[in-house]
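Which chain is which? The protein sequence lines are L and U, in order. Throughout, our numbering is defined as the position within the first sequence, counted from one, plus 299. Throughout, our numbering is defined as the position within the second sequence, counted from one, plus 1. Just so it is clear, CB atoms sit at the ideal spot from N, CA and C, and this is done for glycine as well.
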Amino acid sequence: MRATPSRLITVCLALSALLLLALLVGLWLGTVSIGPGQFWDWLTGQLKGSSAVILGQLRLPRLLLAALVGACLGLCGAVFQAILRNPLAEPFILGVSGGAACGAVVSVLIGLSGLWGQAALAFGGALGTVGLVLAIARRRGSMETSTLILTGVMINAFFTALIMFVISTTTDQKLHAILFWLYGDLAAANLTKVALLLPVTLGGAGVIFFFARHLNLLTAGSVAAASMGVAVERVKMIMFLVVSLLVGVTVSLSGLIGFVGLMVPHLVRMTLGHDHRLLLPASALFGASFLMLADTVARTIISPSALPVGVVTAFLGAPFFVLLMAKRGSRWW
Amino acid sequence: MVERGPIALSGQGLSFGYGDSQVIREVDLSLARGELLGIIGPNGSGKSTLLGLLCGLLPPKQGRVELLGRELGSYTRVEVARRLGLVPQNAELAPGFTVRQTVLTGRFALQGGRMFENQGDLTAAQQALMDTGLTGLAQRRTGELSGGERQRLALARALAAEPQVLLLDEPTSALDLKHQLGIMNLLENTCARDGLAVCLVSHDLNLAGMFCHRLLLISQGKTLAQGTPEQVLTPDLLAQAYGVEVSVDREPSRGRPRVTLSAPRP
C-alpha cells in the first residue's frame with residue numbers, strides 16, 4: 300500500500316480505536332469481576348471503594364505500561380528488521396533485551412536501584428549489545444540469518460548465565476520477583492513508571508518516524524540507500540541509539556518480553572505493506588494493543604494466580620518464529 | 002564526433018587500492034553533458050571500482066573527482082544524489098515493495114523534509130516506469146520480478162530522480178535483445194534530449210561500441226586507451242587488454258565497429 304497522508308490518518312484512527320477497545324477490555328476483565336454498571340460508574344467518576352482502587356491504581360497503570368512497552372517493542376522490531384535487513388531481527392532474539400536486563404541487574408547489584416539508575420544501566424547494556432551485533436554484522440559485510448540468530452542465542456546464553464550468577468547471590472524473597480521480571484512482568488506497574496516511559500516512547504517514536512523514508516531506502520541495502528542520498532552510517536547510528544534507549548528503558552521497567560517486535564511488524568506488513576511511513580506508526584499502535592491484550596490474558600488465564608506476560612508472548616511468538624523460518628524458502632518478508 | 006557540452010563529471014589521477022593491492026592506478030577521465038561514455042575492460046580490471054570512485058561511495062587514495070565543477074567530497078550524500086544517479090550491478094531492491102513504490106523511493110533526495118510524495122514525484126515515477134517499460138508491472142512486488150525486470154527497475158528508480166549524471170554498472174547484462182535495445186535507445190535519447198551525461202560499464206563491446214560516443218578501455222586498473230569506438234575497438238588493443246584474438250569489421254546499421262571472437266577449429 301502506498302503511503303499517503305489520508306491513509307496514514309485512517310490507519311492511525313482505526314488502530315487507536317482498537318487501542319481503546321483493548322484498554323476497555325483490559326480494565327473490565329480480571330480476577331475481581333467488575334460489573335458493567337460499576338464500570339460505567341468508574342468511567343464517570345462515581346465509583347468508590349475497593350473496585351475503584353483495583354481499576355484506577357492496579358489495572359489502569361498496568362495497562363498503560365503494557366501499551367507503552369508494546370509500542371516500543373513493536374517499533375524497535377520494525378527498525379531492527381529494516382536496518383539489519385532481516386525479518387527475524389527483534390530485540391529479544393538479537394540479545395539486546397538480554398543485554399539491557401543484564402545492565403538492570405548490575406544496577407541493583409551496585410546499589411543503583413532507583414528507576415532512573417536502573418534504566419540508565421539497562422540502556423548501557425542494550426547499547427553495548429547493539430554495538431556487538433553491529434560489529435559482527437559489519438565484519439561479515441551483511442548478516443546471514445543463521446549468523447544473526449546464533450549470535451543472539453549466544454549473547455542471550457551469556458547474559459542468562461551472568462544474571463543467574465547475580466541472582467544466586469540475592470536473598471530468597473527477591474527471587475520470585477526477579478524470576479518474574481526475567482520473563483517479562485507488568486505486575487509492578489505504577490504511574491511513576493508510566494510517567495518515565497511516556498516521554499521516552501513519544502520522543503523515540505517521533506525520531507524513528509522522522510527517518511521512515513530513510514528506513515525504506517535502507518531495506519534496499521546500504522549501497523542503494525547511499526546512492527539515493529541517505530547518510531547511511533549516521534542514520535544507522537541514530538537509529539541504534541534510539542532503539543537501545545527504548546529497549547533499555549522498557550526492559551528496566553517490564554523485564555524481558557520477547558517476540559512482540561517480531562510478531563507485530565509482521566502482522567502489520569501483511570495488511571499494510573512494507574512502507575515504513577505506515578509500518579512504524581501502525582506497529583507502535585498495534586504493538587500497544589497487542590501487549591495490553593496479552594497482559595490481560597496473562598492476568599486472567601490462571602486466575603486468581605497470574606502469569607508473567609512474557610510467557611504469553613513467548614507461547615505465541617515462538618511458534619510464529621518457527622513458522623517464519625519454515626516459510627523462508629518461498630518468500631522471506 | 003559528437004559536439005560535447007560542458008564537463009559534467011571528471012576524474013583526475015584516480016588511484017584506489019584495498020590494502021597493498023592497487024585496483025585503480027592513475028586513471029583520468031571526463032564526461033561531458035549529453036555524452037555517453039563506455040568503460041570496458043576484462044574481468045577484475047577495476048571497472049566497478051572506478052564507478053564507485055566516480056559516485057563517491059569509495060574514497061580515492063589519490064586524485065580527485067569533480068561533479069559539475071565542484072569537488073565530489075564537498076557535497077553531502079543527498080546533494081550528490083540530486084545530481085548523480087547510480088545503478089549498481091545486481092542492484093538490491095527493498096523486499097515487499099511494489100515496482101511503483103520502489104521507483105518512488107528514488108525521489109528521496111528531491112523531497113527534502115517532505116514526508117509524502119507530491120504530484121511532481123508521482124509524475125516523474127510514472128515517466129520512469131514508462132521509459133523502462135515497467136508500467137504494466139507497477140503493482141508487482143519486487144520479489145516476483147525476473148532478473149531483467151529487476152535490472153530495469155533499478156534503472157527506473159535512478160531515472161525517477163532526474164539526475165544530470167548517470168552511472169550504470171552492466172545495465173544490460175540480464176536483458177534480452179529487445180530490452181537491450183530499448184534501454185540503450187532510452188539512454189541515448191535522454192542524453193541527446195536532456196543533456197544527461199551517462200557513464201556505463203559494459204562487457205558487451207558491440208553494444209557499447211554501437212551507442213557510446215567514447216570508450217575508455219582499462220586493464221589492470223590502468224587506462225589502456227580512450228577515444229571513439231573506432232579508436233578503441235581495434236584488434237591490437239583488444240588483444241592487449243583481453244589476451245584473445247578478435248576481428249573487427251563494421252556493423253551495417255550504424256557503421257560502428259563490430260568485434261568478433263576468432264576461434265579457429267582445432
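So, does the CB of residue i fall closer than 8 Å to a CB anywhere in chain U?
i, result
"Arg437 (chain L)", "no"
"Asn515 (chain L)", "yes"
"Thr303 (chain L)", "yes"
"His529 (chain L)", "Residue 529 (chain L) is actually Val in this sequence, not His. Yes, contact with chain U."
"Val522 (chain L)", "yes"
"Asp574 (chain L)", "yes"
"Ala519 (chain L)", "yes"
"Ser526 (chain L)", "yes"
"Arg282 (chain L)", "In the structure as shown, chain L starts at 300 and stops at 632, and residue 282 (chain L) therefore has no counterpart that could be examined."
"Arg512 (chain L)", "yes"
"Arg568 (chain L)", "yes"
Give me the Cβ distance between residue i and residue j, rounded to the nearest whole Å; I'm assuming they're in contact under 8 Å.
i, j, result
"Leu10 (chain U)", "Val166 (chain U)", "5 Å"
"Leu130 (chain U)", "Thr124 (chain U)", "About 11 Å separates the two Cβ atoms, so there is no contact after all."
"Ile507 (chain L)", "Leu374 (chain L)", "6 Å"
"Ser588 (chain L)", "Leu346 (chain L)", "Going by Cβ atoms, the distance from Ser588 (chain L) to Leu346 (chain L) rounds to 25 Å, so no, they are not a contact pair."
"Asp170 (chain U)", "Val202 (chain U)", "5 Å"
"Ala545 (chain L)", "Val499 (chain L)", "Here residue 545 (chain L) turns out to be Leu, not Ala, going by the sequence shown. Contact flag correct, Cβ pair sits at about 7 Å."
"Met538 (chain L)", "Phe510 (chain L)", "6 Å"
"Gln13 (chain U)", "Gly64 (chain U)", "5 Å"
"His214 (chain U)", "Leu37 (chain U)", "5 Å"
"Leu496 (chain L)", "Leu364 (chain L)", "7 Å"
"Leu94 (chain U)", "Ala456 (chain L)", "Leu94 (chain U) to Ala456 (chain L), Cβ: 36 Å. No contact."
"Leu234 (chain U)", "Val260 (chain U)", "6 Å"
"Ala33 (chain U)", "Val79 (chain U)", "About 25 Å; that fails the 8 Å criterion."
Leaving aside the five residues before and after residue i along the sequence, list all residues of the same chain whose C-beta is less than 8 Å from its C-beta, in chain order.
i, result
"Ile184 (chain U)", "Thr133, Arg153, Leu156, Pro172, Thr173 and Leu176"
"Ser629 (chain L)", "For Ser629 (chain L), the predicted structure reports a pLDDT of 42, less than 50, and the residue's modelled location is therefore unreliable. The matter cannot be settled from this model."
"Gly355 (chain L)", "Trp341"
"Thr491 (chain L)", "Leu414"
At a Cβ threshold of 8 Å, is residue i touching chain L?
i, result
"Thr106 (chain U)", "yes"
"Leu32 (chain U)", "no"
"Phe98 (chain U)", "yes"
"Gln102 (chain U)", "yes"
"Arg151 (chain U)", "no"
"Glu72 (chain U)", "no"
"Pro89 (chain U)", "yes"
"Leu188 (chain U)", "no"
"Phe212 (chain U)", "no"
"Glu93 (chain U)", "yes"
"Cys56 (chain U)", "yes"
"Met116 (chain U)", "yes"
"Phe109 (chain U)", "yes"
"Val249 (chain U)", "no"
"Val24 (chain U)", "no"
"Arg78 (chain U)", "yes"
"Ala82 (chain U)", "yes"
By the DSSP assignment, the alpha helix (DSSP H) with residue i in it spans what residues?
i, result
"Gly325 (chain L)", "Pro304 to Trp327"
"Arg34 (chain U)", "Looking at the DSSP string, Arg34 (chain U) is not in any alpha helix (DSSP H), and its letter there is neither H nor E."
"Pro580 (chain L)", "His575 to Thr599"
"Phe509 (chain L)", "Leu490 to Phe509"
"Gln380 (chain L)", "Leu359 to Ile382"
"Ile392 (chain L)", "Pro390 to Leu393"
"Phe620 (chain L)", "Val608 to Lys626"
"Arg84 (chain U)", "Arg78 to Arg84"
Which same chain residues, not among the five before or five after residue i, have their C-beta less than 7 Å away from its C-beta?
i, result
"Gly427 (chain L)", "Gly398"
"Met211 (chain U)", "Glu252, Arg255 and Arg257"
"Leu312 (chain L)", "none"
"Ser263 (chain U)", "Glu246, Val247 and Ser248"
"Asn1 (chain U)", "Outside the shown range of chain U, which is 2 to 267, sits residue 1 (chain U), and nothing can be said about it."
Near residue i, what residues of its chain come up, given a Cβ to Cβ distance below 6 Å and the 5 sequence neighbours on each side ignored?
i, result
"Leu73 (chain U)", "Gly57 and Val66"
"Gly424 (chain L)", "Gly398, Ala399, Cys401 and Gly402"
"Thr330 (chain L)", "Ser602 and Pro603"
"Gly451 (chain L)", "Ile392, Leu393 and Gly394"
"Val3 (chain U)", "Model confidence at Val3 (chain U) stands at a pLDDT of 46, short of 50, so the residue's coordinates are unreliable; what they give is reported in the following sentence. For Val3 (chain U), where only same-chain residues beyond five positions count, the Cβ hits under 6 Å are His214."
Starting from residue i, follow the beta strand (DSSP E) in both directions and report where the run begins and ends.
i, result
"Gln63 (chain U)", "Gln63 to Leu68"
"Thr261 (chain U)", "Pro258 to Leu262"
"Val542 (chain L)", "Per DSSP, Val542 (chain L) belongs to no beta strand (DSSP E); it is in the alpha helix (DSSP H), Val531 to Ser553."
"Ser11 (chain U)", "Ile8 to Tyr19"
"Val247 (chain U)", "Val247 to Arg251"
Just to confirm the assignment: which complete beta strand (DSSP E) runs, minimum length 3, are found wholly within the region 202-235 of chain U? 215-220 and 223-228
Whole runs of the beta strand (DSSP E) within the region 101-186 of chain U, excluding any shorter than 3 residues: 166-170
Enumerated in chain order, which unbroken segments of the alpha helix (DSSP H) with a length of 4 residues or greater are wholly contained in the region 432-487 of chain L? 444-467 and 471-481
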